[in-house]
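> Numbering (our numbering), first residue to last: 4 to 247.
Glycine residues also receive a C-beta, built at the ideal position from the N, C-alpha and C atoms.
(1) Report yes if the CB atom of residue 64 is closer than 8 Å to the CB atom of residue 232, and no otherwise.
(2) If you draw a straight line from the C-alpha of residue 81 to the C-alpha of residue 118, how long is it?
(3) Compute the Euclidean distance between the alpha carbons of residue 226 and residue 43, then round it to the nearest angstrom.
(4) So, at 6 Å on beta carbons, what are the nonlocal neighbours of residue 133 in its own chain, with the 5 sequence-adjacent residues on each side left out?
(5) State the start and end residues of the unbroken alpha helix (DSSP H) segment that holds residue 229.
(6) Please list the terminal residues of the continuous alpha helix (DSSP H) segment that includes residue 4.
(7) Taking residue 257 as the reference, which of 243, 207, 198 has the closest Cα?
(8) So, residue 3 versus residue 156, is the Cβ gap smaller than 8 Å?
(9) Taking the alpha carbon of residue 110 as the reference point, which residue from 175, 47, 50, 140 has its own alpha carbon closest?
(10) Taking the Cβ atom as the reference point for each residue, do residue 21 and residue 146 lie within a distance shorter than 8 Å?
(11) Determine the closest residue to residue 72 out of 171, 149, 200, 105, with distance taken between C-alpha atoms.
(12) When DSSP labels each residue in this structure, what does residue 245 get in the three-state scheme?
(13) Let me know if residue 245 comes out buried or exposed under the rule of 16 or more other beta-carbons within 10 Å of its beta-carbon.
(14) Measure the C-alpha to C-alpha separation of residue 229 and residue 34 and round it to an integer number of angstroms.
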């Protein structure tokens, strides 16, 4: 239940900042986005992949599930216009980008699938996959995502509608988490289905995090401060996974 509350209020709080603080600093947002993307990439490599491939029974097809998840996230990106990785100004205004409902459907599906990874069901082997490491990564990812969504919605809708849609988005990951537990506990989905879901989400994480990290350096210019942020996020992921 704590994970549900943290996921919901982290997304809601970050979105409300975009709505209630009009003078937010875009440079600071991008740096926070880079940190979140680098941390998400690191825990995908250090935490999620090793556990997914540890089960010999599902390891053979796990690469396929991850690839499908990577490609599925590309489709969801087309629907959401890249809000998952911080694209705000590319589709602000009433005439640019996809419709509000297309954005919301793409983002809701993306967030719902992510929530399945935090269900109470154990991952294929080893420690519990809903650990603090993974939860922290999800929260770090959700906050800039919700911030970007609120900023885009506010440019198209009034404040009340923006807040209502923000609440809907904030509920998506908790719903994914709770519904996975509900279906599994009642034997409506099995272990094989969970393996596929976890692989799809891991592929989506890989897609989002690599885009954030690579897009943070336009024209591949060397930027020391962004490199340091990426290194800091990676070190934090290593510490939380292996030491803390």
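Taking the definition as stated:
(1) no
(2) 21 Å
(3) 20 Å
(4) Low confidence applies here, because residue 133 scores a pLDDT of 46, under 50, leaving its location unreliable and the question unanswered by this model.
(5) Counting along the chain, the alpha helix (DSSP H) containing residue 229 begins and ends at 227 to 241.
(6) Note, residue 4: premise wrong, no alpha helix (DSSP H); not H, not E.
(7) This structure cannot speak to residue 257, because the chain is shown only from 4 to 247.
(8) This structure cannot speak to residue 3, because the chain is shown only from 4 to 247.
(9) Measuring from the Cα of residue 110, the nearest candidate turns out to be 175.
(10) no
(11) 200
(12) helix
(13) exposed
(14) 7 Å
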